[in-house]
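Residues 288 to 654 in the working numbering are what the sequence shown lists, from first letter to last.
Note sheet for the following structure.
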Amino acid sequence: MKKSLLLAALAACGMAGSALAADVEVYGLIDYGFSLSRTSGDNAGAQDGEWSFAAKSGMRNSSRVGFRGTEDLGNGYKVHFVLENQFLADTGALQDTSSFFARESSVAVSGPFGKLTFGKVGKLRSPVGTTALASTITNPFGSQMSNFVGGTKSVTSGDYLTINNAVTYMSPSMAGLRLYAQYSFANNTEEGGADNDDRYMALGARYSNGPLLVTGIVDTINLKNPDDLKHDDPTTVTILGSYDFGVVKPYAFVHYFENGTINTMGGFIRANSEDTYDGYGLGFSLQWPMGGGRAKVGVGYMDAEYSDSPVKNDVTRYTVQAGYDYVLTKQTHLYTDIGYAQQDQDTNTGKTSLEGFEVLAGMVHYF
């Protein structure tokens, strides 16, 4: 009798646990490939003209594991959560060792009013996370995971990934238009971004109507930390758009920035929070179906100069890239890309020019 009661109790606990976990999903992807690249030109150093061959993790997508779930509260209200990390497929190590759930750690409430998300999330102009508005749906090359296959990162300013202690609001759809607002409290420690008492703020709008998608984002960091007060508040304005004609899908973006850092591109300028720039970046890409997959080509351009400084430092970048993504199965994709990048820099000590070239191939498996 006691054994029967025990077995019944264990069975009940198992069923209750299954019911509670019914809407929890484990998901992720593993991206692994190979890269052949070369840097040449002025000040290229010992690697000038030398080819570098490497096995690399995450050249198209960052490898990740996540947990997400939804509870229906009734009357149109729901509670959501997302926990998502990021790792290196070649070693299994965390890609960001500062936190375990480096991509997102959030809880959200949605209803007729829209959606409120709390926690560590992607900035509105980020390609990362559920609150991001600049993912691969607005640029077929996404960010820049490789050396010289330029996505948005290579020709835009820094401070674009995630923020801690954030509140993000998304409005309900109003005839295809959604409005967004984001605010981050203290203790943000992302590299080149808000730190300690600095406050991150952003506003966004997205219009979707059939094949048309247009997104606009304005963001700034209200600097309060004494270490950051050596320059004015960094501010960006970004507009992204795409239109799906079926036979071809063009993408375009314009990015204006003040007091921002410049992102790393291969062995070129390294991001430094003490060096801030004013400038703009542009990008245009095309994607079309071909042979069971998608072909794509794109170009990018950036023009930047030191912010409010008597020291001359003008930087221009040009990128050209092409690629092909083949859908082997629903869960496994193959990809190959080729990219060329050039950076010209004009300073008080003279002019320099650097070039980078890369060919890569890899595989992404989704689960």
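C-beta atoms are modelled at their ideal positions from N, C-alpha and C, and glycine is treated no differently.
Being a predicted model, the structure only gives us computed values, none of them experimental.
- Thinking just about the alpha-carbon of each residue, which of 613, 571, 646 and 554 is nearest to the one in residue 577? 613
- Message: Assuming residue 525 is part of the beta strand (DSSP E), what are its boundary residues?
- Response: Start and end: 522-530.
- Query: In its own chain, which residues sit with a C-beta less than 6 Å from the C-beta of residue 314, not counting the 5 before and 5 after it?
  - Reply: 353
- Query: Going along the chain, which residues of its own chain have a beta-carbon closer than 8 Å to the beta-carbon of residue 640, five neighbours each way excluded?
  - Reply: For residue 640, where only same-chain residues beyond five positions count, the Cβ hits under 8 Å are 328, 329, 629, 630, 631 and 632.
- Whole beta strand (DSSP E) elements within the stretch 393-426, 3-residue minimum: 401-409
- Item | Enclosing beta strand (DSSP E) for residue 343 [first to last residue] | 338-344
- Message: On the DSSP letters alone, give me the boundaries of the beta strand (DSSP E) that residue 537 sits inside.
- Response: 536-547
- Simplified DSSP state of residue 365, which is helix, strand or coil: strand
- Item | Cβ separation of residue 568 and residue 443, assumed to be a contact under 8 Å, to the nearest whole Å | The C-beta distance from residue 568 to residue 443 rounds to 5 Å, short enough to meet the 8 Å contact threshold.
- Tell me, which residues are paired with residue 488 by DSSP? According to DSSP, residue 488 bridges with 470 and 507.
- Task: Tell me whether residue 460 sits in a helix, a strand or coil according to DSSP, three-state version.
- Result: coil
- Message: Assuming contact is defined by CB atoms lying nearer than 9 Å, are residue 461 and residue 349 in contact in what I supplied?
- Response: no
- Query: Hey, residue 619 and residue 650 are a contact pair by Cβ (cut 8 Å); roughly how many whole angstroms apart?
  - Reply: 7 Å
- Starting from residue 381, follow the beta strand (DSSP E) in both directions and report where the run begins and ends. Note, residue 381: premise wrong, no beta strand (DSSP E); not H, not E.
- Assign residue 634 to buried or exposed, taking buried as 16 or more other Cβ atoms, counted over all protein chains shown, within 10 Å of its Cβ. exposed
- Candidates 595, 542, 399 and 583: closest to residue 458 by CA position: 399
- Item | Run of the beta strand (DSSP E) containing residue 600, from where it starts to where it stops | 600-614
- Item | residue 395 versus residue 607 - alpha carbon distance | Spanning the two alpha carbons is a distance of roughly 39 Å.
- Task: Could you check the C-alpha separation between residue 366 and residue 420 for me, to the nearest Å?
- Result: 21 Å
- CB-CB length for residue 418 against residue 411, believed under 8 Å: Going by Cβ atoms, the distance from residue 418 to residue 411 rounds to 7 Å, so yes, they are a contact pair.
- In angstroms with no decimal places, state the Cα-to-Cα distance between residue 368 and residue 408. 11 Å
- When you compare each of 500, 469, 440 and 427 to residue 463 by their alpha carbons, which one comes out closest? 500
- Identify whether residue 444 lies in helix, strand or coil by the three-state DSSP scheme. strand
- Message: Please state the DSSP three-state secondary structure of residue 633.
- Response: strand
- Message: On the CB-based measure, 16 or more other CB atoms within 10 Å of its CB, does residue 280 come out buried or exposed?
- Response: Coverage of the chain is limited to positions 288 through 654, which leaves residue 280 absent and any answer about it impossible.
- Query: Thinking C-alpha only, which one of 310, 340 and 323 is nearest residue 358?
  - Reply: Comparing Cα positions, the closest option is 310.
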